[in-house]
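These notes are about the structure you will find just below.
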DNA sequence: CTTGATTCAGTTGTAGGATGATATGTATCA
DNA sequence: TGATACATATCATCCTACAACTGAATCAAG
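Chains as they are written, first to last, in the working numbering: chain P, 1 to 247; chain D, 248 to 494.
The structure is reproduced here in structure tokens:
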């Protein structure tokens with residue numbers, strides 16, 4: 001009883017299709033956490049593909065932390081909370097709702113990180129941050145380049161916290177946002193989405209130099225809220241908090 | 248000229264090892280974006296594994312968006328900005344005893360999330376949080392069980408923010424901490440690392456019920472700082488902030 | 001009946017070859 | 001010169017076989 005895999009216009013490879021199918025079944029709850037998947041043999045028959053293809057699909061799901069395979073036993077669906085890795089697919093970023101959530105998360109992470117960085121930054125951190133700032137405000141306002149510099153600026157601040165987890169997480173979120181913007185420009189090239197407000201960055205940098213955590217946090221918060229607005233995302237009840245100084 | 252793959256204590260599967268090896272080469276810049284990888288044949292000879300193994304490794308890297316394979320041509324290293332998805336692997340983060348950093352990140356995420364949750368929580372969220380709270384303070388203080396309930400409590404709060412990214416990130420961080428504790432107990436079984444302070448949790452819950460963001464944030468911050476201390480982690484300059492009320 | 005070791009079937013992990021599909025370069029020819 | 005056909009290289013898929021491991025059934029000994 002072969003099952004037709006969605007053969008859409010996409011020329012996606014077979015393993016990807018199989019993985020997507022299983023992934024949907026898991027997300028939709030048809031395959032509850034803890035249940036065992038059919039054997040590779042059965043899956044290969046069900047989908048009408050070779051066992052190799054099934055294996056690659058399962059390897060992918062396993063890398064995503066959705067399932068766990070035990071030799072000699074089988075493959076089991078994992079609960080979301082026990083997944084060992086986070087993965088956000090590019091597909092999931094194409095609507096503004098997600099952008100909103102991403103910016104919200106970014107605001108939380110970066111605001112406090114800026115405060116930490118203000119306390120802990122060393123001279124080499126300040127130098128690196130300054131370099132990114134210069135690149136950003138530099139001669140040419142080449143779009144991609146200035147966005148790169150912008151992200152570098154934020155990553156360097158995260159690095160200055162001395163906490164590698166924070167650095168990793170912020171890099172991750174920033175990269176997601178960059179991709180979203182990149183994609184948005186492709187679909188709507190007229191709209192200039194470049195968001196490089198040098199003034200806001202300078203304020204952050206000055207607070208870091210001064211070693212003032214509260215000022216750094218406030219400046220970063222204001223900056224991210226502003227950045228969100230400039231790309232058309234309104235942070236819902238952005239918890240103005242002590243952002244009273246807002247823009 | 249076979250190349251020894253790092254055969255560490257871990258019994259990781261071969262595809263994972265190959266993928267990790269290539270991944271490091273890419274991240275370290277030895278393989279620049281645009282570069283073509285050796286053919287599957289060459290890689291299988293180089294590592295002394297079958298092509299199937301190489302294929303699964305490449306499939307994994309491709310799923311992570313690090314490389315792109317074109318049929319009939321080869322596999323190419325992608326630049327970070329053209330990656331279609333990004334992943335944070337738990338394995339890559341647990342190199343040392345960085346509980347400190349984990350707790351610091353957790354503090355940042357959860358404190359603000361608690362504030363958001365206080366504003367947005369619905370009745371069903373409160374019910375779920377209450378249920379976890381009851382399980383925690385319930386009859387039996389079975390270690391694993393109460394830890395599960397503890398984590399559930401925190402995850403439910405994250406869910407109440409309505410931001411799936413926040414939920415994902417906090418779940419991830421909590422899971423990492425749980426594993427670290429689990430591992431620590433294995434190596435040091437004498438030390439009782441169970442950390443379930445019901446009182447602190449109750450205070451958080453009450454703030455959520457009251458819909459008071461500031462109180463929720465303060466309570467959560469105090470709780471996580473306390474939790475860190477109870478497992479022997481001193482948050483360095485935990486940025487007491489408005490946590491003046493701390494224990 | 002209980003207990004323990006052994007065997008056996010089932011499943012994933014790995015190996016290696018064969019064939020199809022696709023892109024690229026090369027040689028031939030008008 | 002330009003276009004076409006061919007040859008080659010590579011990935012994609014399929015196939016079979018075996019190794020490693022697990023869990024349960026079987027069976028013998030007490």
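Idealized CB from N, CA, C, for every residue including glycine.
- [ ] Report buried or exposed for residue 360/D, applying the criterion of at least 16 other Cβ atoms within 10 angstroms of its Cβ.
- [x] buried
Task: Segment contact flag, the region 444 to 461 of chain D with the region 358 to 372 of chain D, C-beta cutoff 8 Å, min 3 pairs - done: Taking a contact to require three or more Cβ pairs closer than 8 Å, the region 444 to 461 of chain D and the region 358 to 372 of chain D qualify as touching.
Open item on the list: Using C-beta distances below 7 Å, list every residue in its chain close to residue 65/P, excluding the 5 sequence neighbours before and after it, in chain order.
Closed with: 78, 83, 84 and 85
TODO: Find the residues of chain D that neighbour residue 33/P, judging by a C-beta separation of less than 8 Å, and give them in chain order.
DONE: At a beta-carbon threshold of 8 Å, none of the residues of chain D lie near residue 33/P; the nearest stands roughly 13 Å away.
- [ ] Would you tell me roughly how many angstroms separate the C-alpha atoms of residue 28/P and residue 349/D, rounded to the nearest one?
- [x] 31 Å
- [ ] Return helix, strand or coil for residue 30/P, following the three-state DSSP convention.
- [x] coil
Task: Pair within 7 Å by beta-carbon distance, residue 403/D and residue 375/D - done: yes
- [ ] Within the same chain, show all residues whose beta-carbon is closer than 7 Å to that of residue 307/D, passing over the 5 residues directly before and after it, in chain order.
- [x] 262 and 266
- [ ] Give the residues of chain P in contact with residue 452/D, contact being defined as C-beta atoms less than 7 Å apart.
- [x] Neighbours of residue 452/D on chain P: none; closest Cβ ~20 Å, over 7 Å.
Open item on the list: Is it the case that the region 469 to 479 of chain D contacts the region 407 to 414 of chain D, given that we only count it when at least three CB pairs across the two stretches are under 8 Å?
Closed with: no
- [ ] State yes or no: is the beta carbon of residue 170/P nearer than 7 Å to at least one beta carbon in chain D?
- [x] Answer no: the Cβ-Cβ gap between residue 170/P and chain D never drops below 7 Å.
Task: Contact under 7 Å by Cβ, residue 301/D with residue 292/D - done: no
- [ ] Output, in chain order, the set of chain D residues within a Cβ distance shorter than 7 Å of residue 60/P.
- [x] 306, 307 and 310
TODO: Give the DSSP-derived three-state secondary structure of residue 418/D in the structure shown.
DONE: Residue 418/D: helix per DSSP, three-state reduction.
Open item on the list: If you reduce the DSSP assignment to three classes, tell me which class residue 469/D lands in.
Closed with: helix
Task: Proximity test, Cβ basis, 7 Å: residue 348/D and chain P - done: yes
- [ ] Check whether the Cβ atoms of residue 472/D and residue 353/D lie closer than 7 Å to each other.
- [x] no
Task: Contacting residues, own chain, Cβ-Cβ under 6 Å from residue 56/P (five flanking each side not counted) - done: Excluding the 5 residues flanking it on each side, residue 56/P has same chain C-beta neighbours closer than 6 Å at 15, in chain order.
Task: Same chain only: Cβ atoms within 8 Å of residue 413/D, ignoring 5 sequence neighbours per side - done: 356, 360, 363 and 405
TODO: Compare the beta carbon distance of residue 37/P and residue 75/P with 7 Å and say whether it is the shorter of the two.
DONE: yes
Open item on the list: Measuring alpha carbon to alpha carbon, tell me which residue in 447/D, 456/D, 347/D and 271/D is nearest residue 371/D.
Closed with: 456/D
Open item on the list: Looking at residue 222/P: is its Cβ nearer than 7 Å to the Cβ of residue 207/P?
Closed with: no
Task: Element boundaries [beta strand (DSSP E), containing residue 324/D] - done: 321 to 324
Task: residue 397/D classed as buried or exposed, judged by whether at least 16 other C-beta atoms fall within 10 angstroms - done: buried
TODO: Name, going along the chain, the residues of the region 356 to 374 of chain D whose beta-carbon falls closer than 9 Å to a beta-carbon of chain P.
DONE: The region 356 to 374 of chain D vs chain P, Cβ under 9 Å: 356, 358, 359, 360, 362, 363, 366 and 367.
TODO: Specify the secondary structure class of residue 297/D as computed by DSSP and reduced to three states.
DONE: coil
TODO: Measuring alpha carbon to alpha carbon, tell me which of 320/D, 482/D, 445/D and 282/D ends up nearest residue 377/D.
DONE: Minimum Cα distance to residue 377/D is reached at 445/D.
Open item on the list: Quick check on the burial criterion: 16 or more other C-beta atoms within 10 angstroms. Buried or exposed for residue 173/P?
Closed with: buried
Open item on the list: If I follow the unbroken beta strand (DSSP E) through residue 278/P, where does it start and stop?
Closed with: Since the displayed chain P opens at 1 and closes at 247, residue 278/P lies outside it and no answer follows.
- [ ] Kindly indicate if chain P contains any beta-carbon less than 7 Å away from that of residue 444/D.
- [x] no
TODO: Use the C-beta contact count for residue 415/D: other C-beta atoms within 10 angstroms, 16 or more gives buried, fewer gives exposed.
DONE: buried
- [ ] Show which residues of chain D have a CB atom less than 7 Å away from the CB atom of residue 38/P.
- [x] Ordered by position in chain D, no residue passes the 7 Å Cβ test against residue 38/P, which lies about 19 Å from the chain.
- [ ] Mind reading off the beta-carbon distance from residue 202/P to residue 126/P? Whole number of angstroms is fine, and I expect it under 8 Å.
- [x] Not really, about 13 Å apart at Cβ, beyond 8 Å.
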